[in-house]
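In the order they appear, the protein sequences are chains W and F.
Quick note: the first sequence uses the working numbering, first residue 360, plus one each step.
Quick note: the second sequence uses the working numbering, first residue 67, plus one each step.
Glycine included, every Cβ here is placed at the ideal spot set by N, Cα and C.
It should be emphasised that the depicted structure is a prediction, and the values quoted were computed from it without experimental measurement.
In what follows, a structure is listed as structure tokens, so that the remarks can point back to it.
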Amino acid sequence: DVKVTQSSRYLVKRTGEKVFLECVQDMDHENMFWYRQDPGLGLRLIYFSYDVKMKEKGDIPEGYSVSREKKERFSLILESASTNQTSMYLCASSLMDANSYEQYFGPGTRLTVT
Amino acid sequence: RKEVEQDPGPFNVPEGATVAFNCTYSNSASQSFFWYRQDCRKEPKLLMSVYSSGNEDGRFTAQLNRASQYISLLIRDSKLSDSATYLCVVNTRTDSWGKFQFGAGTQVVVTP
């Protein structure tokens, strides 16, 4: 059974803080994704990675960076948190052929920036 | 205009009834289509892929209409446990990995 875990379910940070969100998957998937989900907007892709140390920008990468040093771990970094980054953050993983295979999601991290 | 649009609902459905809803997509080059289900405060999970010929999985039937650029989901004999938000997902292969676009979801509430 595929498992994607995220480091925190709830997180409260202050404006300007550096924030790290961690995601780990245990199925040896090549692809990993970071999304944010906001009411009425659906899931929007922030970044994805198709291999260790490889990353591609998604639709809304501004204000975020990512790190993938190991295949199973994909980190999302908010360099200087702002209130408009308050959101639900979802990590996902999938096999290499991301066009045909399902994405497995973690439980999400609800981040509040005050 | 959003690339993937869904009626947000809620669709209030009596238990045992049938409900159907659509999702429209704007990019005619879209190649893969999926329905995901998201329970309240939970992560999305794949419900079913949508094939060109249409496909059925138990009480769920998915259809694709390429000419009109929409996919549909029909739920027969609705159960209370079908209450969830249903996310339409469209993949447009513009490069080696493609690009998934998620709709904002359609909420279904099944009532006793």
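Close Cβ partners of residue i (< 7 Å) along its chain, the five nearest in sequence each way excluded
i	result
TYR102 (chain F)	PRO110, LYS111, LEU112, LEU113, LEU153 and VAL155
ALA83 (chain F)	SER144
SER426 (chain W)	SER434 and ILE436
ASP410 (chain W)	GLU389
Contacts of residue i in chain W (Cβ-Cβ under 7 Å)
i	result
PRO178 (chain F)	Simply none; closest approach about 27 Å.
ALA170 (chain F)	GLY399, LEU400 and GLY401
PRO110 (chain F)	PHE464
Secondary structure of residue i, DSSP reduced to three states
i	result
SER408 (chain W)	strand
ASN93 (chain F)	coil
LEU140 (chain F)	strand
LEU146 (chain F)	helix
GLN129 (chain F)	strand
GLN462 (chain W)	coil
THR442 (chain W)	helix
CYS106 (chain F)	coil
ASP73 (chain F)	coil
GLU428 (chain W)	strand
ALA86 (chain F)	strand
GLU381 (chain W)	strand
MET455 (chain W)	coil
SER434 (chain W)	strand
GLY169 (chain F)	coil
LEU400 (chain W)	coil
LYS416 (chain W)	strand
LYS362 (chain W)	coil
Neighbourhood of residue i by C-beta distance below 6 Å, restricted to the same chain and skipping five residues each side
i	result
ASP397 (chain W)	SER446
THR151 (chain F)	GLN104, GLY171 and GLN173
PHE100 (chain F)	SER115 and VAL155
LYS165 (chain F)	THR158
Chain F contact residues for residue i, given Cβ-Cβ distances below 7 Å
i	result
GLY375 (chain W)	Those within 7 Å of GLY375 (chain W) in chain F number zero; the least Cβ separation is about 29 Å.
GLU461 (chain W)	LEU112
Residues that residue i contacts on chain F, provided the C-beta gap is smaller than 8 Å
i	result
LEU404 (chain W)	LYS165 and PHE166
Beta-carbon separation (whole angstroms), residue i vs residue j, contact threshold 8 Å
i	j	result
GLY169 (chain F)	GLY401 (chain W)	5 Å
PHE77 (chain F)	THR172 (chain F)	7 Å
LYS414 (chain W)	TYR406 (chain W)	6 Å
ILE137 (chain F)	VAL116 (chain F)	5 Å
CYS89 (chain F)	GLN104 (chain F)	No, CYS89 (chain F) and GLN104 (chain F) are not in contact; Cβ-Cβ is about 14 Å, not under 8 Å.
LYS372 (chain W)	ALA440 (chain W)	5 Å
LEU139 (chain F)	ALA86 (chain F)	7 Å
Same chain, Cβ closer than 8 Å to residue i, five either side skipped, listed in chain order
i	result
SER118 (chain F)	LEU130 and ARG132
LEU370 (chain W)	VAL378, LEU380, THR468, ARG469, LEU470 and THR471
Min CB distance residue i to chain A below 7 Å
i	result
ALA83 (chain F)	Absent here is chain A; the protein component of the structure consists of chains W and F.
Worksheet item: What residues in the region 420-454 of chain W bring their beta carbon closer than 7 Å to a beta carbon of chain F?
Response: LEU449
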